[in-house]
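Please read the structure below before turning to the comments.
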Amino acid sequence: MRHGCKVNHLSRTHSHRIAMMSNMATSLIMHKRVETTLAKAKALRVYVEPIINRSKEDSTHNRRIVFSYLHSKEAVNELFREVSQKVANRPGGYTRILKTGIRKGDNSEMAIIELVDYNENMLKEPKAKKAKSTRRGRGGKKAEETAAVDTPATEAPVAEAPAAEEPKAE
Numbered sequence: 001m002r003h004g005c006k007v008n009h010l011s012r013t014h015s016h017r018i019a020m021m022s023n024m025a026t027s028l029i030m031h032k033r034v035e036t037t038l039a040k041a042k043a044l045r046v047y048v049e050p051i052i053n054r055s056k057e058d059s060t061h062n063r064r065i066v067f068s069y070l071h072s073k074e075a076v077n078e079l080f081r082e083v084s085q086k087v088a089n090r091p092g093g094y095t096r097i098l099k100t101g102i103r104k105g106d107n108s109e110m111a112i113i114e115l116v117d118y119n120e121n122m123l124k125e126p127k128a129k130k131a132k133s134t135r136r137g138r139g140g141k142k143a144e145e146t147a148a149v150d151t152p153a154t155e156a157p158v159a160e161a162p163a164a165e166e167p168k169a170e
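Just so it is clear: in the sequence shown, position 134 is 134 by the working numbering, and no numbers are missing.
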């Protein structure tokens with residue numbers, strides 16, 4: 001029984017799993033996104049987020065610790081030069097997992113894991129949506145808006161002229 005075991009072993013030995021996570025983290029840092037299975041993406045997120053967090057403070061000690069995880073000088077340089085500048089103000093959550101469907105061969109769930117600050121499509125400001133117009137009768141919001149536009153509130157009401165006095169019958 002797996003009482004309290006929180007590591008997904010991914011059907012691999014310890015050494016194979018560590019090597020795979022190191023390679024996937026290096027690819028993620030170098031290419032900014034990786035397409036893989038959902039289980040591997042979730043395991044990679046747990047592996048790579050503390051590494052990215054270390055890169056916020058550029059010191060020799062942090063570079064050596066990150067190098068012990070990644071085993072790639074190019075990836076460490078990329079992480080400390082480029083990625084750390086983009087995530088400097090972010091308190092966490094440096095990666096995003098997007099589900100892409102299932103793989104045809106073995107029916108496994110596929111996903112894309114990417115660095116949050118590098119997806120240009122997601123960083124764009126969303127366009128303001130128009131108010132939904134309905135085709136109902138009986139007024140509603142549109143009738144109120146047009147009525148407000150037709151009669152401005154700044155005009156004073158017109159005073160009516162006093163009516164002619166009628167003679168009193170006694």
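All residues carry an ideal CB built from backbone N, CA and C; glycine is no exception.
Note that this is a predicted model, so its numbers are computed, not measured.
Next on the checklist: Can you tell me whether R54 is buried or exposed? The criterion is at least 16 other CB atoms within 10 Å of its CB, across all chains shown.
Outcome noted: Here R54 is buried: its Cβ has 16 or more other Cβ atoms, across all protein chains shown, within 10 Å.
Next on the checklist: Spatial neighbours of Y94 within its chain, please: C-beta separation below 7 Å, excluding the five flanking residues on both sides.
Outcome noted: Counting only residues of its own chain and dropping the five nearest sequence neighbours on each side, Y94 has a CB closer than 7 Å to the CB of E49, I52, V87, L115, V116.
Item to check | Rounded Cβ spacing between T37 and M122 (contact assumed at less than 8 Å) | outcome: Contact between T37 and M122 does not hold, since their C-beta atoms are separated by about 22 Å, which reaches or exceeds 8 Å.
Checklist entry - Would a check of beta-carbon distances place R136 closer than 8 Å to chain D? => result Among the chains in the structure shown there is no chain D, since it carries only a single protein chain.
Checklist entry - Which residues in the same chain as A39 place their Cβ atom closer than 7 Å to its Cβ, once the five residues preceding and following it in sequence are excluded? => result Answer for A39: N8, L10, listed in chain order.
Next on the checklist: For the pair the region 71 to 91 and the region 18 to 36, tell me if three or more CB-CB distances fall below 8 Å.
Outcome noted: Between the region 71 to 91 and the region 18 to 36 there are three or more inter-stretch CB-CB distances shorter than 8 Å, so the stretches are counted as touching.
Checklist entry - Can you give the beta carbon distance from R33 to I113, rounded, assuming they're within the 8 Å contact cut? => result Approximately 7 Å separates the beta-carbon atoms of R33 and I113; this is inside 8 Å, confirming the contact.
Checklist entry - Mapping DSSP to helix, strand and coil, what is E35? => result Correct three-state label for E35: strand.
Checklist entry - For V46, does the count of other Cβ atoms within 10 angstroms reach 16, so buried, or fall short, so exposed? => result Exposed is the call here.
Checklist entry - Roughly how many whole angstroms lie between the Cα atoms of K99 and A41? => result Taking the CA atoms as reference points, K99 sits about 10 Å from A41.
Checklist entry - Closest by CA to R12, which one among R90, A43, N89? => result Comparing Cα positions, the closest option is A43.
Next on the checklist: Checking the sheet assignment: what are the DSSP bridge partners for I97?
Outcome noted: DSSP links I97 through a beta bridge to I113.
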